[in-house]
Amino acid sequence: MTLWVLIGIVIKILMIVGITQGTVAYLILVERKIAAYAQDRIGPNRCGAQFGLPAALLQPLADGAKMLLKEDVVPKYVTKPLYILAPWIAIVTAMIGFAVVPFGPVGPNQLIDFQIAPNVDMGLLYVLAVGSLAVYGVILAGWASNNKYAFIGGLRSSAQLISYELPLGMSILGMLLLAGSLDMNQVIAWQSQNAWGVLVQPLGFILFFTSAFAETNRLPFDLPESEQELVGGFHTEYSAMKFGMFFLGEYLHIITVSFITVILFWGGWHLPFLGLTPESSGLIDTLLKVGIITGKVFLAILFIMWIRWTLPRFRYDQLMDLAWKSMIPLALINLVATAGIVQLVRTYWN
Amino acid sequence: MTTGSLILATIGILFGATGTYLLLPHRLGAAKTRTIYILGAVFASLGLVGFLALLSPPALSPLGDFIAGSFFYVFAGGAIGCGVMTVTSRNPVYSALWFAAVVVSVAGLFLLADAQFLAAGSVIVYAGAIIVTFLFVIMLAQMEGRAVYDRAARSPGRAVFTSFLLLWSLTYCLASVRGKPDGPPPAGELAGPEARLLRGREIAGFYQLAETNEGRKALEHSLRPTSSLYVEADPSKPKPNVAGLGEALYADHLLTVELAGSILFAALVAAVLIANPKRAGVPPTPAAAVEV
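The listed protein sequences derive, respectively, from chains F and W. Here the first sequence is numbered in numbering that gives the first Met the number 0, starting from 0 and rising by one per residue. Here the second sequence is numbered in numbering that gives the first Met the number 0, starting from 0 and rising by one per residue.
Encoded structure:
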């Protein structure tokens, strides 16, 4: 490992941090616009009009300035070290998952490896591991706040996140079995040579996407912060940038989950009839691959935001029943069936 | 590791054991005198100094080695420091959190040792699920960590004896590994403690079968020794981490995996039995209890 490799990695990290944070700012605007559209409102439309920009394009700047400049209230009755640590855990665990996510083509003959840590053998496991740590942010925020609403929110959320981690992990096993690797680039390569994951693993896709909603605390699974019952849930006592960090963490999580969905089930950078292969490495092909993967991710994010205004929130017992009584058995059936089919095909086809 | 350093390690462990015994809280949670604590601290630090003599600093060049070496010390120091905080924290919530930090540091050590699956697995299972469940229970059951039984040591003597005996045997095992060249052992030869593990081929009676036996051929195909992975692997490709571990578990150590699975299954059955409310003498539902 030379110094230049290290510098390249640092530049990649800085770029990805910058790009994702900027994206999050605009995702919040997109979410508000979609919410307005779903509720037959206009939504934010003022910020930026002074400079001739349409559709409140400067709203994210105003939101960011508000987050940073508001008074940062730390109540006297909180457990201070953990109260301050919790938002950091939320944002760091959401951020370091990007280390193994391929943003474009990766390989020995490519122009650039669009991945901070290229060709990690256990890429998907790493994402799951980091994602499983995100629960600490929520549970610590709930406990350290020393507030009953926050505490109940934290407890609900820890139970929910642990329960939905199981179907989340098990639903991707079928796809991994087919692709024969935990490396995301290999999974994309397999899909580009055979078929998209959503076609060969429809049940796995539905289970994964549903658990992903629960893991990101999005409606209809947003019980940790259900406003009607728990004020604000685990972040009731947080204000200013500490609250903003939870927000940022949640949106970063949505981006990660969308990337995993696209990579595992929607073919990554592959589109039929374009003739892109894992080896194609020209400038146009590279740009095309990056464009396709980010475009698909954007579609996935839009879908997640659209669902928010489509389904009502679950009741707590319904939430638990869904995970333990339907999704985990279905994921197991999917895994066993896939394993059986793979074994049969390998025995009798080749 | 030479005999001299083994003796040094033994002396360090003896000092450490004495110091820890003196530092451990009283059996009934009462306070000890200051002299005893100072003595304990002196003995424990003597033990630590003895172990420091065995450490080797990270190589300063090349850069990759230096970074890996520094990361090793960060993770190892983090694991030990957080471990000490785990057992000394008064508040059980903090104990659980420090334990999570230990698991994450150890996962970092696994990563440095190229055991990626173990790293991710331990984080997912321990930090992500088990410790969160601990926290869940602690937060519900005990808001203030001030109970007497949290500050008392049940039997400090026996605890110190077993834990330091374990530490000594680990050091002894390390002594047989340290100083040997890195890399895979030659084909067919098993290094150090690995030779003592129960392996699939021996259980199946592979070596008792004749060379021409059909069964032996089938077993040869299904129960490959782990070391063959290194031999078969293409050196230009990265080492097969996950696939290698899977093959080792399900070819070499199949019996161990099955035993562990049976134990877990027994625990599962017990959990269902305990959780099932329809036992004799216990009302089936809370609503029925109200009617009684």
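Here a beta-carbon is modelled for each residue, glycine too, at the ideal position from N, C-alpha and C. Since this is a predicted model, take the numbers as computed values, not measurements.
Which of the three DSSP states, helix, strand or coil, is assigned to I273 (chain W)?
helix
Taking only beta-carbon atoms, is D120 (chain F) less than 8 angstroms away from chain W?
Interface residue, yes.
Same chain, Cβ closer than 7 angstroms to V256 (chain W), five either side skipped, listed in chain order
L248, Y249.
So which residues of chain W does S279 (chain F) contact, with C-beta pairs closer than 9 angstroms?
None at all; the shortest Cβ gap to chain W is about 22 angstroms.
Near-chain F residues of the segment 103 to 125 of chain W - C-beta to any C-beta below 8 angstroms:
V103, A106, Q115, F116, A118, A119, G120, V122, I123
Flag this pair as touching only if the segment 320 to 336 of chain F and the segment 189 to 199 of chain F have three or more C-beta atom pairs under 8 angstroms; answer yes or no.
By the C-beta criterion, the segment 320 to 336 of chain F is judged not to be in contact with the segment 189 to 199 of chain F, since fewer than 3 inter-stretch pairs fall below 8 angstroms.
For chain W, is any of its Cβ atoms less than 8 angstroms away from the one on A178 (chain F)?
no
Near G7 (chain F), which residues of its chain fall below 7 angstroms by C-beta distance, leaving aside the five closest residues on each side in sequence?
The answer is none, since no qualifying residue turns up.
On the CB-based measure, 16 or more other CB atoms within 10 Å of its CB, does C81 (chain W) come out buried or exposed?
buried
Under a Cβ-count criterion, where at least 16 other Cβ atoms within 10 Å of its own Cβ denotes burial, should P204 (chain F) be classed as buried or exposed?
Before going further, note that residue 204 (chain F) is Phe rather than Pro in the sequence given. F204 (chain F) should be labelled buried.
When the distance is taken between beta carbons, is V101 (chain W) closer than 8 angstroms to T85 (chain W)?
yes
Neighbourhood of A338 (chain F) by C-beta distance below 7 angstroms, restricted to the same chain and skipping five residues each side:
L176
I'd like to know if the segment 4 to 23 of chain W and the segment 36 to 46 of chain W are in contact, where contact means that at least 3 CB-CB pairs between them fall below 8 angstroms.
yes
Looking at the unbroken alpha helix (DSSP H) that takes in I137 (chain W), where does it start and where does it end?
130 to 140
Using CA coordinates, which residue listed in F:L310, F:A55, F:V9, F:E164 is at the minimum distance from L124 (chain F)?
F:E164
8 angstroms contact criterion, which L81 (chain F) and A143 (chain F) should meet: CB distance rounded
Contact flag correct, Cβ pair sits at about 4 angstroms.
Can you pull the chain W neighbours of V16 (chain F), defined as C-beta to C-beta under 9 angstroms?
None at all; the shortest Cβ gap to chain W is about 20 angstroms.
Could you tell me the distance, in whole angstroms, from the CA atom of G120 (chain W) to the CA atom of I171 (chain F)?
The alpha-carbon atoms of G120 (chain W) and I171 (chain F) are separated by roughly 15 angstroms.
Within a Cβ cutoff of 6 angstroms, which residues of the same chain sit near V289 (chain F), ignoring the five residues on either side of it in sequence?
G103
Cβ distance (whole Å) where G11 (chain W) is taken to contact L22 (chain W) below 8 angstroms
About 16 angstroms separates the beta carbon of G11 (chain W) from that of L22 (chain W), a gap too long to meet the 8 angstroms contact definition.
Measure from the alpha carbon of F127 (chain F) to the alpha carbon of each residue in F:V99, F:G141, F:Q38, F:V77, then state which is nearest.
Reading off the sequence, residue 127 (chain F) comes out as Leu, not Phe. Residue F:V99 is the option with its Cα nearest to L127 (chain F).
Where M169 (chain F) falls: helix, strand or coil (DSSP):
Correct three-state label for M169 (chain F): helix.
Are the CB atoms of L287 (chain F) and L275 (chain F) within a distance shorter than 8 angstroms?
yes
Taking only beta-carbon positions, decide if T138 (chain F) is within less than 8 angstroms of chain W.
Per the sequence presented here, residue 138 (chain F) reads as Ile, with Thr not at that position. Yes, contact with chain W.
For S257 (chain F), I'd like the list of residues in its chain whose CB is within less than 6 angstroms of its CB, leaving aside the five on either flank, ordered along the chain.
Close CB contacts of S257 (chain F) within its chain, under the 6 angstroms cut and outside five residues either way in sequence, are with V296, A299, I300 (chain order).
Exposed or buried, which one is V230 (chain W) when buried takes at least 16 other CB atoms within 10 Å?
Its pLDDT being 43, under 50, V230 (chain W) is placed unreliably in this model, and the coordinates cannot settle the point.
Coil, strand or helix - T92 (chain F) by DSSP:
helix
For A151 (chain W), decide whether its Cβ has a neighbour in chain F, counting only Cβ atoms nearer than 8 angstroms.
no
Shorter than 8 angstroms from the beta carbon of T2 (chain W) to some beta carbon of chain F?
By this cut-off, T2 (chain W) is not an interface position.
Taking 8 angstroms as the CB-CB limit, is L124 (chain F) close to chain W?
yes
Where V134 (chain F) and G127 (chain W) are concerned, what is the direct C-alpha to C-alpha distance, given to the nearest angstrom?
8 angstroms
Using three-state DSSP, classify S227 (chain W) as helix, strand or coil.
Note that S227 (chain W) has pLDDT 45, beneath the 50 cutoff, so the model's placement of it is unreliable and the number below is only indicative. Note: S227 (chain W) maps to helix in three-state DSSP.
Over what stretch of residues does the alpha helix (DSSP H) that includes V201 (chain F) continue unbroken?
Before going on, a small fix: residue 201 (chain F) reads as Pro here, not Val. Its alpha helix (DSSP H) spans residues 201 to 214.
Closer than 8 angstroms, CB to CB, is A149 (chain F) near chain W or not?
no
On a Cα-Cα basis, can you pick out the residue from F:F233, F:S279, F:I15 that is closest to F245 (chain F)?
Among F:F233, F:S279, F:I15, the Cα nearest to that of F245 (chain F) belongs to F:F233.
Under a Cβ-count criterion, where at least 16 other Cβ atoms within 10 Å of its own Cβ denotes burial, should N212 (chain W) be classed as buried or exposed?
exposed
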